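Numbering (the numbering used here), first residue to last: 120 to 749.
No residue lacks a Cβ here, since even glycine has one placed at the ideal position from N, Cα and C.
Note that this is a predicted model, so its numbers are computed, not measured.
Below: one structure, written as structure tokens.
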Ligand code: C2E
Ligand code: CA
Ligand code: CA
């Protein structure tokens, strides 16, 4: 038998050791490997879970978004940038009136419906987003619907890159913003346009004027003009016909004015009866005056309202651009001043601004401030001019004529402050003071110089005062307070005032007659009233305007007119006073024409109460003799 050698034995142990070690390592590796697998699977499971979570989260987000979009009534779109096919949600399609199956999936279905003016910007916004210039795509445009109308939409979107880093998709929403746009437009309309006439308002006018100023800075010889228009007697129309008719007329005036200028010119309404025109690119001042003449000419044509035919005039102030003007407000102010001066000249005309007007405007402003205090400072005086009977040469009464003893400027005549008082409304309190003063004075004189035919006091009453709603009750108060006999009181109303406000004034006249106050028609002959018209009015006296008396000695024709006025008045049992008699010759002519009464510098200037008292003490006024000094 072979005995195992020591070598064999040790070899065996060695191998055993190695294999055990190997086995051990193998087991160790296996254990480690298994752990690794477990860890990996765990990780995978977590990742998977995470992914599931994310997916459902995303699905939920998308659902939420779709829901939100539906709630907001938004349409959705998803555009494949490679194929140019686009998915439109049903809402997208229905927004422009289509059913789901009615619209294709080409991007042109969208592009071709964009309003031509909006397409360029729409495409640019898309490109800018795809080029990374803007992080979010957003664009407002008009989109044609199935019925041929455009609606305003807002589109928002985002482009997404594919694995290669190239933009492959772009998706987003579409919102109908038509209502919002309309509201916005309305806001702009209200902010810049006059709601009644639809013409630009002051704000827009100033804006346009600013552009003309800017243009002038670049082109030194560029000329433009501003015309400031104010309708004459518009307030009377409003007062007698009501605001609805007034508004209707304003709309028609706006339309007619618009037809008289070029489309480039701006015509705005500044409110009330004020219209302003910006006439661009004129060659010379004459171009602006020509337009003013055209306006004056065209506006006198009647306006045919629904139920009325109305006439209106307009007074215009003109300014032409020059280097001294820096601000739109300056040129506007001067056009307004020119208009105001034109009004003082007698309305229905135009005037070009000159610098003296500005000085006048400043003076006028000062005068207005002074006027406000004049009554309480007792600066007004009433002067009296006698009215003479041509037959007996007796003073039969007086006309009260107001004066303002201005602290700095001395005695001012009514023409210098009555228009201002009328404009500021101060006329009412001034007029009440004059009437009351004249009533008290006539009572004093009647007592001092009693007579079988008591003196009559005539007072001028402004149309502005007549139009005051409390006029009649104010007059009743004065009658009560002074105790004057209304039979000895006459109110003078100018013929033009009657013609301008006929309906209203005629009703007032009847009320005055009911109070027994006499009515004189002042400045008669200047307004061309018809005889038949006058015969309907409760008139006591006609005062023939000075302009006719001026001419009776020179021109046979005027003598005839005066003759016919006198004859007519006699037939109607109305008294006649000739106004403004300055010469003995005129007086004699009037006597020959059987004129009963006269008034004028020939007999006496208007004088203060003391001087008038002296005249009364002299009893009568003698021929060929100026009895008072001015
Ligand atoms: P009127 O009512 O026509 O008054 C007559 C005007 O003619 C007065 O001017 C008078 O001084 C002037 N006059 C009288 N005789 C002659 C004459 O022979 N020759 C000339 N050249 N003028 C003569 P006055 O006082 O300056 O008044 C002007 C106008 O102012 C008045 O015209 C009247 O419309 C208005 N007015 C005067 N006083 C008042 C008043 O108290 N209230 C109102 N509302 N208006 C008044
Ligand atoms: Ca008068
Ligand atoms: Ca007169």
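Mind checking residue i: buried by the 16 CB within 10 Å criterion, or exposed?
| i | result |
| --- | --- |
| residue 246 | exposed |
| residue 363 | exposed |
| residue 331 | buried |
| residue 563 | exposed |
| residue 655 | exposed |
| residue 430 | exposed |
| residue 310 | exposed |
| residue 743 | For residue 743, the pLDDT reaches just 39, beneath the cut-off of 50, and the residue's location in the model is therefore unreliable, although a value from the coordinates is still provided. Residue 743 is exposed by the Cβ-count criterion. |
| residue 434 | buried |
| residue 681 | buried |
| residue 579 | buried |
| residue 584 | buried |
| residue 266 | exposed |
| residue 166 | exposed |
| residue 214 | buried |
| residue 534 | exposed |
| residue 382 | exposed |
| residue 460 | buried |
| residue 384 | buried |
| residue 722 | buried |
| residue 556 | buried |
| residue 289 | buried |
| residue 220 | exposed |
| residue 292 | buried |
| residue 409 | exposed |
| residue 156 | exposed |
Would residue i and residue j be called neighbours here (beta carbons separated by less than 8 Å)?
| i | j | result |
| --- | --- | --- |
| residue 407 | residue 319 | no |
| residue 487 | residue 551 | no |
| residue 462 | residue 349 | yes |
| residue 366 | residue 315 | yes |
| residue 404 | residue 439 | yes |
| residue 454 | residue 346 | yes |
| residue 490 | residue 543 | yes |
| residue 287 | residue 201 | yes |
| residue 627 | residue 590 | yes |
| residue 685 | residue 678 | no |
| residue 294 | residue 273 | yes |
| residue 611 | residue 581 | no |
| residue 210 | residue 192 | yes |
| residue 601 | residue 642 | no |
| residue 447 | residue 325 | yes |
| residue 194 | residue 207 | yes |
With a CB to CB cut of under 6 Å and the five nearest residues on each side skipped, what residues in its chain are close to residue i?
| i | result |
| --- | --- |
| residue 693 | 658 and 661 |
| residue 353 | 392 |
| residue 471 | 437 |
| residue 736 | none |
| residue 232 | 262 and 263 |
| residue 249 | 278 and 286 |
Please go through the same chain and pick out, in chain order, the residues whose beta-carbon is closer than 8 Å to the beta-carbon of residue i, but skip the five residues on each side of it.
| i | result |
| --- | --- |
| residue 111 | Residue 111 cannot be examined here, being either before or after the span of the chain that is shown, 120 to 749. |
| residue 427 | 360 and 364 |
| residue 632 | 638 and 657 |
| residue 594 | 554, 631, 634 and 636 |
| residue 609 | 516, 575, 576, 577, 578, 636, 637, 638, 639, 659 and 660 |
| residue 244 | 253, 256, 257 and 258 |
Leaving out the 5 sequence neighbours to the left and right, which residues in its chain are closer than 7 Å to residue i when beta-carbon positions are compared?
| i | result |
| --- | --- |
| residue 561 | 574, 576, 603 and 607 |
| residue 226 | 198, 203 and 205 |
| residue 717 | 507, 509, 696, 697, 700, 706 and 709 |
| residue 456 | 436, 472, 476, 477 and 480 |
| residue 271 | 259, 261, 296, 297 and 300 |
| residue 141 | none |
Any heavy atom of ligand 5 inside 7 Å of the beta-carbon of residue i?
| i | result |
| --- | --- |
| residue 527 | Questions concerning ligand 5 fall outside what the structure shown contains, since the ligands it does hold are ligand 1, ligand 2 and ligand 3. |
Taking three-plus beta-carbon pairs below 8 Å as touching, is the segment 358-376 in contact with the segment 463-483? no
**Asked** Just the residues with CB closer than 6 Å to a heavy atom of ligand 2, in chain order, which are they?
**Response** 518, 579, 611 and 641
### Query
If we count Cβ pairs, one from each stretch, closer than 8 Å, do we get three or more for the segment 348-361 versus the segment 619-628?
yes
Fill in: contact_flag[the segment 509-520, the segment 437-457] where n(CB pairs < 8 Å) is 3 or more
no
Examine the Cβ distances between the segment 498-507 and the segment 718-728 and report whether three or more of them are shorter than 8 Å. yes
task: Specify whether the segment 160-179 and the segment 251-263 touch according to this definition: at least 3 beta carbon pairs, one from each stretch, less than 8 Å apart.
output: no
query = Given 8 Å as the limit, is there contact between the segment 394-403 and the segment 295-314, that is, 3 or more CB pairs closer than that?
reply = no
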